[in-house]
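Protein chains: 2
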Amino acid sequence: MVKRTSLEDASCPIARSLDVIGDWWSLLIVRDAMLGRTRFGEFQKSLGVAKNILASRLKTLVEEGILEQRAAADGSAYQDYVLTAKGRDLQHVAVALRQWGERHLFDKGETCPILVDAKSGKPVKQLELHAADGRLLGPGDTRLKY
Amino acid sequence: MVKRTSLEDASCPIARSLDVIGDWWSLLIVRDAMLGRTRFGEFQKSLGVAKNILASRLKTLVEEGILEQRAAADGSAYQDYVLTAKGRDLQHVAVALRQWGERHLFDKGETCPILVDAKSGKPVKQLELHAADGRLLGPGDTRLKY
DNA sequence: TGTGATTGGTTTCATTATGAAACCTTGTGC
DNA sequence: GCACAAGGTTTCATAATGAAACCAATCACA
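As given, the protein sequences belong to chains A and B, one line each in that order. The numbers in the first sequence follow this note's numbering, run straight up by one, and end at 176. The numbers in the second sequence follow this note's numbering, run straight up by one, and end at 176.
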């Protein structure tokens, strides 16, 4: 197998992104971090992932600059894992996945946690893609320029 | 190892989404399909993925209702793989990954293909997350409601 | 219409990644 | 100081991945 093929040098930003966060657990760790979880044990319990896998994912997320380790906020000698600006910027990726999943992966009648505006408590809007002039763009309305 | 742990029953839509399209290749196949590629050989050449892997990914994408097979548009006896509505709806996921990658994974001076509005040829806007009342929401402005 | 190349896979096999459990080390509560 | 918890690391079995070989159907075209 030589090696899992690396996409880090791809010219396509989607490929590069997937190379960094495209595995099964990384984005779920980021999601948990966005929900305020910071400790190894919290991630482990929440995700149900094996500890060795979690340790390896946390390490690469730190190396990639998506999480950083810092002294625990509660004063213990342990460490907190917290999102960097680069990690927080994954918000739209997380929201896009969430909204797609809500639309297509839940049966009618089945409920799931809802992302709400913290201030008003009301659900956030669906993401929309707009042209420079403000027009709403659908799946067939874009192309790539090299 | 028993089995790669399945997230399909998770209550979190992000987890379910990743269970379906969270592997290394699926989203790249979807991206290629969005660019108009339809044939096995086109995907294989574009992605450089092993044929057995590609075949298995295409199969699960079809099973998941993200792609569908139909008689080739060019009249040959081969089949086309084309996106369904569910697959086209992954646009925001693809765009979010693309924009994050552009912002964080490319050095200054390094260029990459740019997503433009097909009509005007101008780059599309960055995705934005808005509250129901229209306010722009940042990473810390949301929470989950169960 | 026969024949060689192309397309679209499947099979085989070696290697890597994943996961569960056991183990270990340091910190914490008392 | 002692028991227990937190946070990992190691070990080992199994599953997923990838490269290459192989194969059947289809196509190009003389």
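Positions of the beta carbon are idealized from the N, C-alpha and C atoms, including for glycine. Computed from a predicted model, the values in this text were never measured in an experiment.
Asked	Found
Cβ separation of Ile-59(A) and Arg-87(A), assumed to be a contact under 8 Å, to the nearest whole Å	6 Å
Cβ pair Asp-62(A), Ser-76(A) closer than 7 Å	yes
Under 7 Å between C-beta atoms of Gln-121(A) and Gln-156(A)	no
Endpoints, the alpha helix (DSSP H) within which Leu-84(B) is located	81-93
Interface residues of the region 119-140 of chain A facing chain B [CB-CB below 8 Å]	Asp-119, Leu-120, Gln-121, His-122, Val-123, Ala-124, Val-125, Ala-126, Leu-127, Arg-128, Gln-129, Trp-130, Gly-131, Glu-132, Arg-133, His-134, Leu-135 and Phe-136
Option in Leu-97(A), Thr-90(A) and Ile-44(A) with minimal Cα separation from Arg-69(A)	Leu-97(A)
Residue-chain proximity (Arg-100(B), chain A), Cβ-Cβ < 7 Å	no
Beta-carbon proximity of Trp-55(A) to Val-92(A), cut-off 7 Å	no
Among Pro-169(B), Asp-137(B) and Ala-161(B), the one whose alpha carbon lies nearest that of Thr-114(A)	Pro-169(B)
C-beta atoms of Leu-174(B) and Val-154(A) nearer than 7 Å	no
Cβ of Ala-103(B) within 7 Å of any chain A Cβ	no
Within-7 Å CB hit, Gly-52(B) to chain A	yes
Pair within 7 Å by beta-carbon distance, Asp-3(A) and Ala-148(B)	Because chain A spans 31 through 176 in this model, residue 3(A) falls outside it and cannot be assessed.
Alpha-carbon spacing of Leu-57(B) relative to Val-125(B), whole angstroms	11 Å
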